[in-house]
Amino acid sequence: MIAMIRKCLFSLLLFCTAILAAQNNIDTLRLNSAYRELVQNPKSVELQKEFLAAFPNTWKVFLSTYDFCPQKDLTMYNLGYDHIVNGLGKLVTLLPDSVYCDKLIGISIGGRWEADAPNYLQLVVRKTMQKKSEVMFQRLSLLRQEDVFSFWCFFFHSLHSTKEDIRLYSELHDKMQRKYPMIVKDMKAAFVVSSGKASASLP
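Mapped onto mature numbering (1 follows the signal peptide of the UniProt record, and there is no 0), the consecutive letters of the sequence shown carry residue numbers -21 to -1, 1 to 182.
Encoded structure:
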């Protein structure tokens, strides 16, 4: 009886491990195929939708897909710039802004700046924030406060704050303070803890 229980528990553990592994991995064949087809036909709404659907949804999956790891195949690491900067950043143009912004926000939650793929993603998210700040703030307003704070931590995370970081913060603060005071409050808190030379004396 005890042996049977142990066997059942072991089988359950294997099953749960398999589920977790599946959740933390992306279908790279699908993603690569979607990217190649989109490059060939960039004005296709269906192909843009397929690429966005195939792209990682969370920071954990994003990092496991594109992070540099000498012990594993580096194909996806080497494709990171094309997929993130060109694919995600430039070729997804015909889908609803809300869908696109939700995707970027979702991936950014829990993120941190690093070289290569995380840096590429941060550049895309910042560029989108500058172009579609109204939509980004509106979508952020639908999230839990801890997720909003986490998003901003990734957005501003850097080793050394630059004048551009402060300019971007100030621009968003002045533009959104009245309409989204709570989002701006979280933005300031995240900026102070995430950016090298950030000051609590900011507006």
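For every residue, glycine included, the Cβ atom is placed at its ideal position computed from N, Cα and C. All figures in this text were calculated on a predicted structure; none of them were measured in a lab.
Within the same chain, no Cβ atom closer than 7 Å to the Cβ of Asp52 is found once the five residues on either side in sequence are excluded. Taking a contact to require three or more Cβ pairs closer than 8 Å, the segment 160 to 171 and the segment 119 to 132 qualify as touching.
Check the Cα spacing between Met108 and each of Lys142, Gly66, Gly59, Met166: the tightest is with Met166. Separation of Tyr148 and Pro21 (C-alpha to C-alpha, rounded to the nearest whole angstrom) is 33 Å. Separation of the CB atoms of Tyr45 and Ala96 is rounded to 4 Å, and the pair is thereby assigned contact status at 8 Å. Rounded to whole angstroms, the separation of the alpha carbons of Met155 and Glu125 is 19 Å.
A straight line joining the alpha-carbon of Trp92 with that of Leu151 spans about 20 Å.
Rounded to the nearest angstrom, the gap between the Cα atoms of Lys39 and Gly89 is 8 Å.
If one requires a minimum length of 4 residues, the alpha helix (DSSP H) runs lying completely within the segment 34 to 94 are 38 to 45, 54 to 60, 76 to 87, in chain order. From the listed residues Ser173, Leu73, Lys69, the smallest Cα separation to Leu138 is found for Ser173. CA-to-CA, the gap between Tyr60 and Tyr99 works out to about 7 Å. Asp76 has its alpha-carbon roughly 8 Å from the corresponding atom of Lys111. The three-state reading of DSSP puts Lys111 in coil, since its state is none of H, G, I, E or B. Each residue's CA atom was taken as its position, placing His62 and Lys158 some 34 Å apart. Residue range 7 to 19 is occupied by the alpha helix (DSSP H) that includes Leu8.
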